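Everything on this sheet refers to the single structure shown next.
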Amino acid sequence: MLKDYGHLLRNDPAYADKAARISGLTRDLAEFLPPLVEQIRPLVNKTAQVPTAFHPPCTLQHGQQVRGQVEGLMAALGVPVAAIENGHLCCGSAGTTGDPAWVVDAVARQQAQGLTAHGAQQILSANIGCLTHLQGGSDLPIRHWIEWLDEAMTADG
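Each residue of the sequence shown is one higher than the last, beginning at 2 in my numbering.
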């Protein structure tokens with residue numbers, strides 16, 4: 002939302018410049034952390050490097066235009082990231098799309114099948130709505146990628 006302030010308030014004489022400044026300064030963790038991979042890599046516990054599927058949520062792909070950053074970071078950290086089928090599809094974001102529940106559930110099942118098709122042992126995403134929704138379609142652990150990274154980082158690497 003903060004990235005959209007500049008656009009949303011572009012015609013407001015009192016806030017247009019301030020909003021544009023805030024939008025220009027705002028970065029998602031998916032943008033902020035990849036340049037720090039050399040500092041992060043020694044902190045990642047090798048046991049955390051399990052086959053992983055990353056669900057790229059619409060908030061990153063379409064809303065923020067941030068594509069491939071999380072997957073690239075994870076690969077650089079030694080985590081095998083499975084390519085997923087239909088990664089461009091929206092998971093329904095826990096039903097907030099306004100689609101009927103049966104449509105949203107069908108998309109979630111399709112997403113979960115695509116995410117687990119290549120032997121992944123966990124599913125990571127970057128949107129709480131997607132995470133919540135995908136949990137109904139898979140038996141694998143599903144969580145936010147930054148939670149995984151936090152747990153994967155240890156003092157002794």
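Cβ atoms here follow ideal geometry from the backbone N, Cα and C, with glycine treated the same way.
Only a predicted model underlies this, so the values are computations on that prediction, with no experimental measurement involved.
Looking at the structure shown, is A127 part of a helix, part of a strand, or coil, going by DSSP?
-> Position 126 of the sequence shown, counting from 1, holds the residue named residue 127. Coil.
Excluding the five sequence neighbours on either side, which residues of its own chain have a C-beta within less than 7 Å of the C-beta of L10, listed in chain order?
-> Here residue 10 corresponds to residue number 9 of the sequence shown, with the count starting at 1. For L10, the CB contacts under 7 Å within the same chain, skipping 5 residues up- and downstream, are Y16, A17, A20 in chain order.
Check each candidate in P36, P14, Q65 and name the one with the smallest Cα separation from A77.
-> In the sequence shown, counting from the first residue as 1, residue 77 sits at position 76. Distances from the alpha-carbon of A77 to those of P36, P14, Q65 put P36 closest.
In whole angstroms, what is the alpha-carbon distance linking E72 and V82?
-> Position 71 of the sequence shown, counting from 1, holds the residue named residue 72. Position 81 of the sequence shown, counting from 1, holds the residue named residue 82. Per the coordinates, the alpha-carbon of E72 lies some 7 Å from the alpha-carbon of V82.
What separation, rounded to the nearest whole angstrom, lies between the Cα atoms of M2 and P142?
-> Within the sequence shown, numbered from 1, the residue matching residue 2 stands at position 1. Within the sequence shown, numbered from 1, the residue matching residue 142 stands at position 141. The straight-line gap from Cα to Cα measures roughly 28 Å.
If we count the other Cβ atoms within 10 Å of its Cβ and call it buried at 16 or more, is P43 buried or exposed?
-> Here residue 43 refers to the residue found at position 42 of the sequence shown. It is exposed - the Cβ of P43 has fewer than 16 other Cβ atoms within 10 Å.
Contact check, M131 vs P58 under 8 Å by CB: the rounded distance?
-> Position 130 of the sequence shown, counted from the first residue, corresponds to residue 131. Position 57 of the sequence shown, counted from the first residue, corresponds to residue 58. The residue you asked about is not Met; residue 131 is Cys in the sequence shown. Cβ-Cβ separation between C131 and P58: approximately 5 Å, consistent with a contact (criterion under 8 Å).
Is I41 close to chain B, meaning its C-beta is less than 9 Å from at least one C-beta of that chain?
-> Absent here is chain B; the protein component of the structure consists of one chain.
For V67 and E32, the rounded distance between their alpha carbons = As a working note, residue 32 is residue 31 in the sequence shown. As a working note, residue 67 is residue 66 in the sequence shown. For E32 and V67, the distance between alpha carbons rounds to 7 Å.
First and last residue of the beta strand (DSSP E) that includes A54?
-> Your numbering for residue 54 matches position 53 in the sequence shown. Taken as a continuous stretch (DSSP letters only), the beta strand (DSSP E) holding A54 covers 53-55.
What is the DSSP secondary structure of A83, counted as helix, strand or coil?
-> For the purposes of this step, residue 83 is identified with residue 82 of the sequence shown, where counting begins at 1. DSSP, reduced to helix, strand and coil, places A83 within a strand of the structure shown.
Distance CB(I85)-CB(H56) smaller than 9 Å | For this step, residue 85 is matched to residue 84 along the sequence shown. For this step, residue 56 is matched to residue 55 along the sequence shown. The beta carbons of I85 and H56 sit closer together than 9 Å.
Can you say whether L135 is buried or exposed, counting buried as having 16 or more other CB atoms within 10 angstroms of its CB?
-> Locating residue 135 in the sequence shown gives position 134, where the first residue counts as 1. Flag for L135 reads buried.
Bridge partners - M2, DSSP secondary structure assignment | Against the sequence shown, residue 2 aligns to sequence position 1. Answer is none; M2 lacks a bridge partner.
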